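This report concerns only the one structure given below.
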Amino acid sequence: MAALDRVRIVVLGDSGVGKTSLVRLISGASGAPGASTIGATVEVKLHEYKEGTPAQKTFWIELVDVGGFHSHRNMRHVYYNNSHGIVLVHDLSNKKSQVNLDKWLREFLEREAKGNDITGGDFDVGGGNGIDHQQQPVMDVNVPLLVIGTKLDLASDLEDKESKEADLPVHDSTSASAAKRRSAVADEYLAEEIHVNCNDDKSLVAGSSALNKLARFFDKVIEKQFYRSGNHQHKSAYYHSASAQQSLAERRRLNVQ
Ligand SMILES: Nc1nc2c(ncn2[C@@H]2O[C@H](COP(=O)(O)OP(=O)(O)O)[C@@H](O)[C@H]2O)c(=O)[nH]1
Ligand SMILES: [Mg+2]
Numbered sequence: 001m002a003a004l005d006r007v008r009i010v011v012l013g014d015s016g017v018g019k020t021s022l023v024r025l026i027s028g029a030s031g032a033p034g035a036s037t038i039g040a041t042v043e044v045k046l047h048e049y050k051e052g053t054p055a056q057k058t059f060w061i062e063l064v065d066v067g068g069f070h071s072h073r074n075m076r077h078v079y080y081n082n083s084h085g086i087v088l089v090h091d092l093s094n095k096k097s098q099v100n101l102d103k104w105l106r107e108f109l110e111r112e113a114k115g116n117d118i119t120g121g122d123f124d125v126g127g128g129n130g131i132d133h134q135q136q137p138v139m140d141v142n143v144p145l146l147v148i149g150t151k152l153d154l155a156s157d158l159e160d161k162e163s164k165e166a167d168l169p170v171h172d173s174t175s176a177s178a179a180k181r182r183s184a185v186a187d188e189y190l191a192e193e194i195h196v197n198c199n200d201d202k203s204l205v206a207g208s209s210a211l212n213k214l215a216r217f218f219d220k221v222i223e224k225q226f227y228r229s230g231n232h233q234h235k236s237a238y239y240h241s242a243s244a245q246q247s248l249a250e251r252r253r254l255n256v257q
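Residue numbering for the sequence shown is 1 to 257, as defined by the working numbering.
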């Protein structure tokens, strides 16, 4: 079997929102965590592009969780520069994590300007997550974007409790309550959003709307990278990156040719 093409998707969000749990849920990982490169965690999964159509083709998806390793934003830029898609993660039981998505997205979108300056003295401020808190105008998102809300189980509990206290009818996971929890960033950038409980394998069960949206997002990332003209240079540069080496090691670990 020929080597498979691959795309890299960076997963961003505040510490504790569930990025590691989410990435492992998506990749179906069990046991030891994924391979680490300079501290970033990479999980890989096989994805069937345009499954069920004559164009179907298998790709590797690399999910890169950079949040856990370095508060130094210029180090995160190393990963941003080689990414073909972005997943923004917020915790549905923590409003602040949703508000912060805008800052994470801005930091990612500024990668072109700052990506090469990895030795600069641009440090994290006050032990936070190193995000620039300046307000700036809406920017152009030039890679596919997906927003994922985690801890749906906790958010439902919270909502039930609030409803009971206010003597209101209890909500379940209806589309109305899902729409209510949708992040501002997803609306602003017209991105899809899905809500999951990362600790429940059934969150992304076959046929679920969450899994369908996720598959469509992966298709979009692949399409942008491999099926549009003018991307060859980008692709070959990526092939020689440290990450490509890393995923080779990962494939060997998984014993896949
Ligand atoms: N109840 C619940 N807990 C979750 C969910 N996702 C993550 N967690 C928990 O939240 C904590 C932080 O998760 P982690 O994946 O380490 O977050 P990260 O810092 O963004 O990588 C862990 O204790 C997880 O078990 C979820 O969907 N529901
Ligand atoms: Mg983590």
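All C-beta atoms in this analysis are idealised placements derived from N, C-alpha and C, irrespective of residue type, glycine included. No experiment lies behind these values; they were computed from the predicted model shown.
Checklist entry - How is residue 20 classed by DSSP in three states: helix, strand or coil? => result The answer is helix: DSSP assigns residue 20 an H, G or I state.
Item to check | Close Cβ partners of residue 227 (< 6 Å) along its chain, the five nearest in sequence each way excluded | outcome: Only residues of its own chain outside the window of five on either side were considered, and among them none has a CB closer than 6 Å to the CB of residue 227.
Checklist entry - CB of residue 150 to nearest heavy atom of ligand 2: below 7 Å? => result No, the Cβ of residue 150 stays beyond 7 Å of every heavy atom of ligand 2.
Next on the checklist: One question on the structure: do residue 65 and residue 23 come within less than 8 Å of each other, judged by their Cβ atoms?
Outcome noted: Against a cut-off of 8 Å, the Cβ pair of residue 23 and residue 65 comes out as a contact.
Checklist entry - So, is residue 54 buried or exposed, given that buried needs 16 or more other C-beta atoms within 10 angstroms? => result Exposed: under 16 other Cβ atoms inside 10 Å.
Checklist entry - What span of residues does the alpha helix (DSSP H) with residue 221 cover, start to end? => result Per DSSP, residue 221 is one residue of the alpha helix (DSSP H) stretching across 209-226.
Item to check | DSSP-derived helix/strand/coil call for residue 49 | outcome: Assignment of residue 49 by DSSP, reduced to helix, strand and coil, places it in the strand class.
Item to check | When 101, 206, 218, 204 are compared against residue 183, the one with the closest alpha-carbon | outcome: Taking each of 101, 206, 218, 204 in turn and checking the Cα distance to residue 183, the smallest one comes out for 101.
Checklist entry - What whole-angstrom Cβ distance do residue 93 and residue 151 have, given they're in contact under 8 Å? => result Here residue 93 really is in contact with residue 151; their C-beta atoms are around 5 Å apart, less than 8 Å.
Checklist entry - Cβ of residue 19 versus every heavy atom of ligand 2: is any distance shorter than 7 Å? => result Yes.
Checklist entry - alpha helix (DSSP H) containing residue 107: first to last residue? => result Annotation for residue 107: the continuous alpha helix (DSSP H) segment containing it runs 101-109.
Next on the checklist: Measuring only from the beta carbon, is residue 27 closer than 7 Å to any heavy atom that is part of ligand 1?
Outcome noted: Not so, every heavy atom of ligand 1 lies at least 7 Å from the Cβ.
Item to check | Neighbourhood of residue 282 by C-beta distance below 6 Å, restricted to the same chain and skipping five residues each side | outcome: As shown, the chain starts at 1 and ends at 257. That puts residue 282 outside it, with no answer to give.
Item to check | Euclidean distance between Cα positions of residue 191 and residue 89 | outcome: Taking the CA atoms as reference points, residue 191 sits about 13 Å from residue 89.
Checklist entry - What separation, rounded to the nearest whole angstrom, lies between the Cα atoms of residue 212 and residue 203? => result Spanning the two alpha carbons is a distance of roughly 12 Å.
Item to check | Selected residue, minimal CA-CA separation from residue 294, among 206, 188, 210 | outcome: Residue 294 lies beyond the range of the chain shown here (1 to 257); nothing can be said about it.
Checklist entry - Sorted by chain position, which residues of the same chain lie with C-beta nearer than 6 Å to residue 98's C-beta, five sequence neighbours on each side aside? => result Around residue 98: 90, 183.
Checklist entry - According to DSSP, what are the bridge partners of residue 66? => result Answer by DSSP bridge pairing: none, since residue 66 is not bridged.
Checklist entry - Can you give the Cα-Cα distance for residue 171 and residue 193, rounded to whole angstroms? => result Note that residue 171 has pLDDT 46, beneath the 50 cutoff, so the model's placement of it is unreliable and the number below is only indicative. In a straight line, the C-alpha of residue 171 is about 19 Å away from that of residue 193.
Checklist entry - Of the choices 225, 206, 224, whose alpha-carbon is the least far from that of residue 51? => result Nearest of 225, 206, 224 to residue 51, Cα basis: 206.
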